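Chains as they are written, first to last, in our numbering: chain A, 69 to 441; chain B, 77 to 274.
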């Protein structure tokens, strides 16, 4: 495993006042890039990752040795074509892949910050990542895109910086985190905090790891990323390496074994406190809150060309919630397209090989790029 | 391109904003985009067609006109196009009122149920008509509310909708409809093309 200290990062000197009131400065932001920035600097795409993603959007993640989370989307001749576009992907603040987060070392105490990390929001994440434009000397991005929490960051980016991206593609997301989604996040957080090794968030100081809690959080969340039909088709009632049920609480069923495995590998790559902080940021996301609930006003005067994508079997960020963004943009006569892609793969569809999704994304991006003046 | 689309495109002034309701695979939109106005958007029910439009570089929203037109602000487009779709709605009356609200001008085309071949089929064959503009059988047609050119003209008159241009299309030949030739055009035309204002 490569050392996490060797990954690319910038130290952001400019102070950032977080929504919670705390000001941070001189903090690291870890990032990765793919493709080349052209001379006009008009081919840059910023992709935002979801809850458990990181800056390694494609290719091999050097820390986990797994494929990047958007390997189907980003690469030569793929939907986001690295032969054409310069792709920037950063680890959100609050994350655990090199950006400023609970597992960063506090300069004064020399210990991990842990639960003393300030509570962050999607707005804070986006404002921190905006510094990368200056770092690469890019005046205006060609595109901002991402799915799930990444989609929320897309919406927040356009709201904060209306003239800094030509097109915006929020995927499988919502402009306001629903009660159901807050509930699922709370379930995950409670699982972590109920683990005796969590130690009120100071597990690092005591060399403990709330692995059980974090893995249960991941198992619960993982179910929400899939669809009933997808689960039934893949697992049904199939038994795990046995001919009949064993009348016990072992993983008799394949779905149980699968979820346990997903939980167990997650704890190797993700920090429990980061999970708390990032899910909290998602829960606090309510873009129209400062505009009396009028989402249209958030995007007033936007010149950005929007394309919103949802998936038929996504019940976590259902089409209706995505459509609310379309309706708000329509109400101000913004340039907005919308497609609900047919897929049985649930919320995870945006990460998977779903040809209708990948083709439409590619067509929209390439056509928009060719249309530039 | 279909003669009907040529007539619609010719009715639109340069660089005006257009909403094509039920834009299909985007053939008409693409022509307008390339030749008349870049400010064109579409609304389409079929996922396949939406994807074809995206492939053509067109801005399209997947949606159902009967539910989704209400989200568009009043007077937000110079033109709203509804090509041969009116008869497929559950509530055509509501769709027309939405069109008039959203667009300064609405362009509506209808397959004419008063066309002599249609009348002939029902009168002499005793079967539901199947023609070039009405290609489906009774059991698989998407059409719920067929009307004739005369029905549509009466509908507009009754609601005081300003029908400021009415055209008839038969065998790719265009002619004007007026109150003197209405009965004749209602018999001899395959398609009616209407320009409406509030």
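Ideal Cβ placement from N, Cα and C applies to all residues, glycine included.
Quick caveat, the model's predicted, so the values are computed rather than measured.
Helix, strand or coil at residue 101 of chain A [DSSP, three-state]
Here residue 101 of chain A refers to the residue found at position 33 when the first chain is read from its first residue. The answer is strand: DSSP assigns residue 101 of chain A an E or B state.
If we call anything under 8 angstroms between Cβ atoms a contact, is residue 269 of chain B one with residue 80 of chain B?
As a first step, residue 269 of chain B must be located in the second chain, where it is residue number 193. As a first step, residue 80 of chain B must be located in the second chain, where it is residue number 4. Closer than 8 angstroms, so yes.
For the 8 angstroms Cβ check, are there 3 or more pairs between the region 180-188 of chain B and the region 140-155 of chain B?
yes
DSSP on residue 306 of chain A, reduced to helix/strand/coil?
On the first chain, position 238 is the one that residue 306 of chain A refers to. Of the three classes helix, strand and coil, the one that applies to residue 306 of chain A here is coil, per DSSP.
What's the gap between the Cα of residue 162 of chain B and the Cα of residue 196 of chain B?
The residue labelled residue 162 of chain B in the question sits at position 86 within the second chain. The residue labelled residue 196 of chain B in the question sits at position 120 within the second chain. Spanning the two alpha carbons is a distance of roughly 23 angstroms.
Using the three-state DSSP reduction, which class does residue 132 of chain A fall into: helix, strand or coil?
Indexing the first chain from 1 puts residue 132 of chain A at position 64. Coil.
Interface flag, residue 141 of chain A vs chain B, CB-CB below 8 angstroms
Along the first chain, one-based indexing puts residue 141 of chain A at 73. Output row for residue 141 of chain A: interface = no.
Just the C-alpha distance for residue 69 of chain A and residue 131 of chain A, rounded to the nearest angstrom, thanks.
Position 1 of the first chain, counted from the first residue, corresponds to residue 69 of chain A. Position 63 of the first chain, counted from the first residue, corresponds to residue 131 of chain A. With a pLDDT of 42 at residue 69 of chain A, under the threshold of 50, the modelled position of this residue cannot be trusted; read the value that follows with caution. When rounded, the distance between both Cα atoms is 6 angstroms.
Apart from the five residues on each side of it in sequence, which residues of its chain come closer than 6 angstroms, Cβ to Cβ, to residue 429 of chain A?
Looking up residue 429 of chain A in the first chain gives position 361. Close CB contacts of residue 429 of chain A within its chain, under the 6 angstroms cut and outside five residues either way in sequence, are with 147 (chain order).
Provide the residue span of the beta strand (DSSP E) that contains residue 142 of chain B, from first to last.
Reading the second chain from its first residue, position 66 is the one you call residue 142 of chain B. Residue 142 of chain B -> not in any beta strand (DSSP E); alpha helix (DSSP H) instead, spanning 141-144.
Contact between the region 147-161 of chain A and the region 115-131 of chain A is defined here as three or more beta-carbon pairs at a separation below 8 angstroms; is this criterion met?
yes
Cβ closer than 9 angstroms: which chain B residues qualify as neighbours of residue 404 of chain A?
As a position in the first chain, residue 404 of chain A is number 336, starting the count at 1. The answer, in chain order, is 117, 135 and 137.
What are the partner residues of residue 267 of chain B, as DSSP defines its beta bridges?
Mapped onto the second chain, residue 267 of chain B falls at position 191. In DSSP, residue 267 of chain B forms a bridge with B:187 and B:245.
Straight-line Cα distance separating residue 288 of chain A from residue 214 of chain A:
If you number the first chain from 1, residue 214 of chain A lands on position 146. If you number the first chain from 1, residue 288 of chain A lands on position 220. If you take the alpha carbons of residue 214 of chain A and residue 288 of chain A, they lie about 23 angstroms apart.
What residues in the region 394-421 of chain A have a beta carbon less than 7 angstroms from any beta carbon of chain B?
Those residues of the region 394-421 of chain A that come within reach of chain B (Cβ to Cβ, closer than 7 angstroms) are 394, 395, 398, 399, 401, 403, 404, 405, 406, 407, 408 and 410.
When the cut-off is 8 angstroms and only beta carbons count, does residue 439 of chain A lie next to chain B?
Within the first chain, numbered from 1, the residue matching residue 439 of chain A stands at position 371. Closer than 8 angstroms: yes.
Count the other C-beta atoms from every protein chain shown that fall within 10 angstroms of the C-beta of residue 248 of chain B, then say buried if there are 16 or more, exposed otherwise.
Here residue 248 of chain B refers to the residue found at position 172 when the second chain is read from its first residue. Result: exposed.
With 8 angstroms set as the bound, which would you pick, yes or no: does the beta-carbon of residue 191 of chain B sit closer than that to a beta-carbon of chain A?
Start at 1 with the first residue of the second chain, and residue 191 of chain B comes out as number 115. No, no contact with chain A.
Give a yes or no on whether the C-beta atoms belonging to residue 187 of chain B and residue 209 of chain B are separated by under 8 angstroms.
By 1-based counting over the second chain, the position of residue 187 of chain B is 111. By 1-based counting over the second chain, the position of residue 209 of chain B is 133. For residue 187 of chain B and residue 209 of chain B, yes; Cβs fall inside 8 angstroms.
Can you list the alpha helix (DSSP H) stretches of 4 or more residues lying completely in the region 330-358 of chain A, in chain order?
340-351
Per DSSP, the bridge partner or partners of residue 177 of chain B
Within the second chain, the letter at position 101 stands for residue 177 of chain B. DSSP lists no partner for residue 177 of chain B.
Label residue 185 of chain A either buried or exposed according to how many other C-beta atoms from any shown protein chain fall within 10 Å of its C-beta, with 16 as the threshold for buried.
Working through the first chain from its first residue, we reach residue 185 of chain A at position 117. Residue 185 of chain A should be labelled buried.
Note the first and the last residue of the continuous beta strand (DSSP E) segment covering residue 157 of chain A.
Reading the first chain from its first residue, position 89 is the one you call residue 157 of chain A. 154-158 is the extent of the beta strand (DSSP E) around residue 157 of chain A.
By alpha-carbon positions, which one of A:417, A:277, A:210 and A:224 ends up nearest to residue 437 of chain A?
Taking the first residue of the first chain as 1, we reach residue 437 of chain A at position 369. Looking from the CA of residue 437 of chain A, the closest CA among A:417, A:277, A:210 and A:224 belongs to A:210.
Could you spell out where the beta strand (DSSP E) holding residue 156 of chain B opens and where it closes?
Mapped onto the second chain, residue 156 of chain B falls at position 80. Its beta strand (DSSP E) spans residues 153-159.
Under 7 angstroms Cβ-Cβ, which residues of chain A neighbour residue 148 of chain B?
The residue labelled residue 148 of chain B in the question sits at position 72 within the second chain. Per Cβ cutoff of 7 angstroms: 398.
Here's the rule: buried if 16 or more other CB atoms are within 10 angstroms of the residue's CB, otherwise exposed. What is residue 91 of chain A?
The residue given as residue 91 of chain A occupies position 23 in the first chain. Burial call: exposed.
Just verifying my parser: in three-state terms, what is the DSSP assignment at residue 180 of chain A?
The count along the first chain starts at 1 and reaches residue 180 of chain A at position 112. Strand at residue 180 of chain A.
Is there a Cβ from chain B that is less than 8 angstroms from the Cβ of residue 283 of chain A?
Position 215 of the first chain holds residue 283 of chain A. Interface residue (Cβ-Cβ distance to chain B less than 8 angstroms): residue 283 of chain A is not classified as such.
Could you run through the region 148-173 of chain B and flag, in chain order, every residue whose CB is less than 9 angstroms away from some CB of chain A?
148, 149, 152 and 153
Cutting at 6 angstroms between CB atoms, please list the residues of its own chain near residue 101 of chain B, excluding the five before and the five after it.
The residue you call residue 101 of chain B lines up with position 25 of the second chain. Contacts found: 125 and 128.
Paired residues, beta bridge with residue 212 of chain A - DSSP
Mapped onto the first chain, residue 212 of chain A falls at position 144. Partner(s): A:114 and A:236.
Is DSSP giving residue 94 of chain A helix, strand or coil here?
Taking the first chain and counting its residues from 1, one reaches residue 94 of chain A at position 26. DSSP places residue 94 of chain A in coil when its eight states are reduced to three.
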